[in-house]
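Each remark here refers to the structure printed beneath this line.
Number of protein chains: 4
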Amino acid sequence: MSARIRWPRRNDPKSIRARQQTLGLEGVVVEQDLEPYARATEALTGVAPVPVAVVGPLEMELGHYELEEPAGALMERGRTSDSVYVPLANTEGGLSISLARGARAATESGGFKTHVLRDRVTRASAFLFESTLEAATFARWIETRLREMQDWLAGAPVEGLSRHAKLREIETHVVGPMCHLLYAYTTGDAVGMNMITRNSYALNQAFVLEHSPVKPRRVYLEGNMGGDKKISHRYFEGGGHGKTVIAETTLTDEAIQRVLKTSAEELLDLTFVGTHGAVASGMQSVAFTPATAIAAMFIATGQDVGMVGTSSMAHGTALRVDGGLNVSIRLPGLEVATIGGGTTLPYARAWLGLIDCEGPGKVYRFAQIVAAATLSLEISASAAMATAGSENFYKAHFERGGLR
Amino acid sequence: MSARIRWPRRNDPKSIRARQQTLGLEGVVVEQDLEPYARATEALTGVAPVPVAVVGPLEMELGHYELEEPAGALMERGRTSDSVYVPLANTEGGLSISLARGARAATESGGFKTHVLRDRVTRASAFLFESTLEAATFARWIETRLREMQDWLAGAPVEGLSRHAKLREIETHVVGPMCHLLYAYTTGDAVGMNMITRNSYALNQAFVLEHSPVKPRRVYLEGNMGGDKKISHRYFEGGGHGKTVIAETTLTDEAIQRVLKTSAEELLDLTFVGTHGAVASGMQSVAFTPATAIAAMFIATGQDVGMVGTSSMAHGTALRVDGGLNVSIRLPGLEVATIGGGTTLPYARAWLGLIDCEGPGKVYRFAQIVAAATLSLEISASAAMATAGSENFYKAHFERGGLR
Amino acid sequence: MSARIRWPRRNDPKSIRARQQTLGLEGVVVEQDLEPYARATEALTGVAPVPVAVVGPLEMELGHYELEEPAGALMERGRTSDSVYVPLANTEGGLSISLARGARAATESGGFKTHVLRDRVTRASAFLFESTLEAATFARWIETRLREMQDWLAGAPVEGLSRHAKLREIETHVVGPMCHLLYAYTTGDAVGMNMITRNSYALNQAFVLEHSPVKPRRVYLEGNMGGDKKISHRYFEGGGHGKTVIAETTLTDEAIQRVLKTSAEELLDLTFVGTHGAVASGMQSVAFTPATAIAAMFIATGQDVGMVGTSSMAHGTALRVDGGLNVSIRLPGLEVATIGGGTTLPYARAWLGLIDCEGPGKVYRFAQIVAAATLSLEISASAAMATAGSENFYKAHFERGGLR
Amino acid sequence: MSARIRWPRRNDPKSIRARQQTLGLEGVVVEQDLEPYARATEALTGVAPVPVAVVGPLEMELGHYELEEPAGALMERGRTSDSVYVPLANTEGGLSISLARGARAATESGGFKTHVLRDRVTRASAFLFESTLEAATFARWIETRLREMQDWLAGAPVEGLSRHAKLREIETHVVGPMCHLLYAYTTGDAVGMNMITRNSYALNQAFVLEHSPVKPRRVYLEGNMGGDKKISHRYFEGGGHGKTVIAETTLTDEAIQRVLKTSAEELLDLTFVGTHGAVASGMQSVAFTPATAIAAMFIATGQDVGMVGTSSMAHGTALRVDGGLNVSIRLPGLEVATIGGGTTLPYARAWLGLIDCEGPGKVYRFAQIVAAATLSLEISASAAMATAGSENFYKAHFERGGLR
């Protein structure tokens, strides 16, 4: 065991400089003024300046959405068209031109249409008892308390509650001597993990434990049914951790041939092979490379990059229809924000601003742009794979000017 | 449909400036010299300078590994101890102090031990036929051709083959009229997606199609059994897309109490609840927040952030043993590199250098450090959750100095 | 291609005899009077007389349940104790004595407690459109029509509707250009596949297609989201295809030692290994051998044996509590009936009668008895596995008087 | 707690009669001579005579297979045609005529072709240690011991070993402080659970524990990675618990129209909807109703009905090809036997004899017939579902002469 030095975690200029010097860091990682980041992370020491490409335009028809109160159902209030250039923080040569090619094929086919289907974020607390009998008793009792809990939160009886995190539904899951209690919230334009944590803790401590007819052996704020940062079928199917969004376009045969250098038949055969390959290997998603586009947009816009995996759960389809090939991608749990967290940093605000997604009232727009960008890359990558022997996919990996 | 402007994708200074001006970008995202990034991404326009914390030390006992030739089995050649400070690119207040706390608990318990179990990366081509009879005939034929394929690659009969990507095994999967053909490679210190793509394309076109007794209707370089960027059970269980690594430590009761402010009993009850919650919600992983640590290290060190989801597949355990609580995390497919791609950029080299992981011969070391960092955060986050009512987890979300 | 004979499918005595003679069948398979089976299956030709063991007693505390109208929530109206001997149709030497041993351990520990948590059966129709836009429009429209559909069914506007199949909820799932429409029913004491098929067909044809604002390209009664005879996470987690039942008991240390010849510590270590083994291999269930007990009871009582797989989805737990080891098994989708189908045959009525489960009003009782029998076998099989090196499990396979 | 009677478990005529009288059983369940069943199950008390339909013919081209020694690879040694009538023990009106219809459509299209791809059965023991370090050390040691273990078994050093259970491969899986050890055997014409249990126990106790460089805290014969009676991805993808079989046929458009009353286009649209519905609901299989046919054949032929769920894991495909629609079903783990266990009972021998599958040397033939029967029902059920609005599926449930 090495002798331990005392590692300062404070972010005043002196502490930062001390860390930099102790570690012998120099150059691009420490040249920048770190003051704007002082509240972003403890033990701040430098930066990782990830290069950002900008490509476009993505021609899109977007929906406008509102939550209907008090139930929180998502209502579509209209649809408008727009044209956007998207920022992609990445170091993967070929990504940005490929995404741009997919966008162009969509543009030539009339553009993307995007749809938001659901908006919730879940904190799943867990109550451990000594028997199923107790857990089931607890579940039956709590299941009828939603209205009371909503009223209790609205009354703001304890400090620190968030009024942006609105409790919409609760659900119980009893297995053996434990009862998981799933709180489903809406959280405005933030992802909302902090606010739902605070409200759920308050509910557990000051409402549930106070009134429960049976006393648990343990209470945990989260018992792993909440869908946070680990992929699960529950959230793949039904959403509940972020926005459920679908982007679609109906590619014309002409665009498929001229822009994508392949045919609907080759794409459909690829879809056949790819869907059954997904099933065969136990993939939950059916898609080619959604995480690539999502990661690139998440880094640029200050999203929580730990949520790339869950946000990339994807269910893609391709169907021959009148006029071409309808292709779509469903992202059941896109965890995006336009306020709070990393989105408040200057670089994130700049890149969000580029797509008119900075600040309040923009989160559904942002979710739809991410979905359209994701589908752009799916289209192009699939097309490269679908050419005879996947020649174009190979070429992209062989010839492109990326870093080797 | 808006009138389309012609969007330049070249990365000469003039093109870059043109894009920046067209988009009206200014400030931190465009101030930096972009020349070092010119080969990283087409349509380069700016940067996203993600703040990086550095915490430590992580006291570790690491294994030294070599691939036994020609089979490619991973052999442990010794074990040594080290003490490292890890870079965490993140904007999530609380992350870095939490990870540091977990590391401290491990240090007080004797440090981490890490193990690399497997190293492979897979490209799964697909051959589509008109019947199962043909696909099964093809499968029986190709299954006995491994040696010939290895020899063929070694002879470098076509241009552009990578000699770093060594073919180790092949496997077939016949379902209906298709045969998926899984090529398993080792790729040295790179993740190797480009090199295995080139070698597999060559094998498909110049070896397989040349000699196959049945002619396929279509050949695809990848048919979705390859485990690339989408989580699947195949790669969760057996590895095959990156390094399979386990980090462990046996926490003493004293460290649990003094550093983590909880008890082994509370942690075990949490594990009970969390494991069953994972199963109940159809999570594949059993863990709390592995993606958080992995994303932070991936961004800092120039890894492919689109692989955060797959690299974060995790299987954690906790068991009462003599001397305390043995806790571990298994990352079956950690897709890391110390050469190539984003790792060649100056910022990535700086942060990799900090942990002595820059360049060739370092990839197993790097994989083990990432695993230890991931376990550090698991320990601390679990402990915060395990305190009565998860009080400490709540406090971290309520009080920490993060961005709101 | 062989010359084809015309194969009679009618079940009059002459046709039956003709089939028996053509096939040259004799002995036990054709000796029995087949008249009682004439309506059970077309092309009736003989029988398969499966041997039935009877073991017990299972000491149980059962819940009494009613559906609250009109929502269909399951209400517990009281609890009573009973002692039952269960029929097990099987040919697996060792099964019945093992199950009996598990029951005895529970008896000595105070008996089983059983709980029914949910009761639903789902038919998931699917509407295929030309775009997501249409599918999403359809979904938004239908989601608010539950009340109208319930009223429509109650009015019995077309012939052949079942009044036992009560529609309780509907749910939509839009992915690409299709909208799955999940009808959740209760069906009294039958499993109800026929009745929900009829009602759903009527709803699709005479209500949905009649009023839908968008016209689908295709309508299918079932699009594979309904959970019928194939295991899926949806129905494992939330139930919805049969009864969700939990059986539990808290084994005393004395019973574990004296009856089961093991210890709580050995059982807990086995649970640790078995739960992680389940996760590692991608099992959805966490259990050892639930299908064995369920198959044996299903055959004896005329249940649909094609539902053994789905009915055996199981989530077991074991937790150290005051007084011993609480063990439980959750069967989320136990598809059982006490009326209709095979349960009307004389042998099934006899075996259902033995456990006082024949006819209307008995289905929740039956579900609880099946769950208790399943847990009995789990306890005993786990105990055999938990002994040093699994010696007792080995002995059961080596020494028991089974068929080899 | 009721007063307990002592329940006899012996199967002499007096004990049997005593049980029958105590329980007050009469009629068809106790009329039959039970002597032939005396060794099938303890506490034998009666029978459940399940009605059996016989339908056909299924026109098939089957493969002939042998295991290549010593590796145990499955070699196809030729293919021949046959025509079989299959026994279906069931009480589900409509099943047998539907299956017959599917068979007729295949016959008119040239018949089925069947393929066996793999044959293994796995027992997965588990060794629990105090640390990952020990578990990994154990794994590295055991992985190179296959040859020694095979020789040891061949030498028959302890009593009771089965020479039919041949060890072919071993595999380790380390997660945390445990090492699962998967023994893969072939077992001739039996499923072989008893024999692999005996051989694995002997290996664990007399070989592994004897020579292991690290001493485990616990050894368990099975730690839930073995795939026994619970569905798991591991065995869905790769087989390893039973026979991996595919049945296929290429339906002509004429047969689809004339026999099945639908079209290739309607079937393909259904496949689109059904495959995506399977993915959406987290089904592992892609199929409609494989368990129905498998259960019916298993009951009639004395198979282990607890294995209906695992044997029914299925991956179906449909692809437009020259000449019609190629349809197939892959059963990765069909657990069938033609000797041992329930297959030795008179009724099972009679029904196995009907399809020329009784006794040694018949198991691959039997597996292929089950697969063809399963595909027959898939074809017909899918066709019924594919008609406009699924009218024919509805009619089958409404009009057929089944039991209500």
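Residue numbers (our numbering), protein chains in the order written: chain A, 1 to 404; chain B, 405 to 808; chain C, 809 to 1212; chain D, 1213 to 1616.
Backbone N, C-alpha and C fix where the C-beta goes; we use that ideal spot for every residue, glycine too.
Pull up the distance between the alpha-carbon of residue i and that of residue j, whole angstroms please.
| i | j | result |
| --- | --- | --- |
| S1214/D | S889/C | Because S1214/D sits at a pLDDT of 41, beneath the cut-off of 50, its placement in the model cannot be relied upon, and the following sentence gives the value as read from the coordinates. Roughly 9 Å separates the two Cα atoms. |
| R77/A | T696/B | 36 Å |
| G854/C | T930/C | 34 Å |
| I329/A | E1280/D | 46 Å |
| V1298/D | W1563/D | 8 Å |
| G1161/C | P1140/C | 25 Å |
| N199/A | F1419/D | 57 Å |
| A190/A | E266/A | 41 Å |
| L1185/C | H988/C | 38 Å |
| S904/C | Q1244/D | 20 Å |
| Y364/A | L182/A | 24 Å |
| L571/B | T1060/C | 56 Å |
| S1198/C | V1116/C | 27 Å |
| A18/A | R9/A | 11 Å |
Could you work out which residues of chain D lie near residue i, taking near to mean beta carbons separated by less than 7 Å?
| i | result |
| --- | --- |
| T380/B | Residue numbering for chain B in the displayed model covers 405 to 808; residue 380/B lies beyond these limits and cannot be assessed. |
| T275/A | T1487 |
Could you spell out where the alpha helix (DSSP H) holding residue i opens and where it closes?
| i | result |
| --- | --- |
| K243/A | Note, K243/A: premise wrong, no alpha helix (DSSP H); beta strand (DSSP E) at H241 to L251. |
| L1480/D | A1476 to A1492 |
| T778/B | V767 to A790 |
| A1010/C | M1001 to A1010 |
| R1359/D | L1358 to A1366 |
| L354/A | P346 to L354 |
| R638/B | H637 to G642 |
List, in chain order, every chain A residue whose beta-carbon is nearer than 9 Å to that of residue i.
| i | result |
| --- | --- |
| F797/B | T197, Y201, Y220, L221 and E222 |
| E1243/D | By Cβ distance, chain A contributes nothing, its closest Cβ being about 42 Å from E1243/D, past 9 Å. |
Are residue i and residue j close, meaning C-beta to C-beta below 9 Å?
| i | j | result |
| --- | --- | --- |
| V677/B | T721/B | no |
| G1034/C | H1049/C | yes |
| A1055/C | H923/C | yes |
| A506/B | A785/B | Reading off the sequence, residue 506/B comes out as Gly, not Ala. In this structure, A785/B lies closer than 9 Å to G506/B by Cβ. |
| E1304/D | D1164/C | no |
| T172/A | D119/A | no |
Would you kindly report the start and end of the unbroken beta strand (DSSP E) that includes residue i?
| i | result |
| --- | --- |
| T980/C | K974 to V983 |
The ligand MN and residue i: does the residue's C-beta get closer than 8 Å to at least one heavy atom of that ligand?
| i | result |
| --- | --- |
| E1346/D | Ligands displayed in this structure: none; no statement on the ligand MN is therefore possible. |
At 9 Å on the CB atoms, spell out the chain D contacts of residue i, in chain order.
| i | result |
| --- | --- |
| A124/A | Per Cβ cutoff of 9 Å: no residues; A124/A is ~18 Å from chain D at best. |
Residues of chain C with a CB under 9 Å from the CB of residue i: which are they?
| i | result |
| --- | --- |
| T317/A | T940, V983, G984, P985 and M986 |
Using a Cβ cut-off of 8 Å, pull out every chain D residue sitting near residue i, in sequence order please.
| i | result |
| --- | --- |
| G282/A | H1445, F1448, E1449 and Q1496 |
| I650/B | T1344, A1348, V1386, V1387 and G1388 |
| P857/C | Q1244, V1259, A1260, P1261, V1262 and Y1559 |
Query - Runs of alpha helix (DSSP H) lying entirely within the region 702-729 of chain B, each at least 4 residues, in chain order - result: Qualifying alpha helix (DSSP H) stretches, in chain order: 712-715.
Requested in this report: Could you name each continuous beta strand (DSSP E) segment of 3 residues or more that falls completely within the region 815-885 of chain C, going from the start of the chain to the end?
Outcome: 852-876
Query - Whole runs of the alpha helix (DSSP H) within the region 1299-1345 of chain D, excluding any shorter than 4 residues - result: 1307-1320
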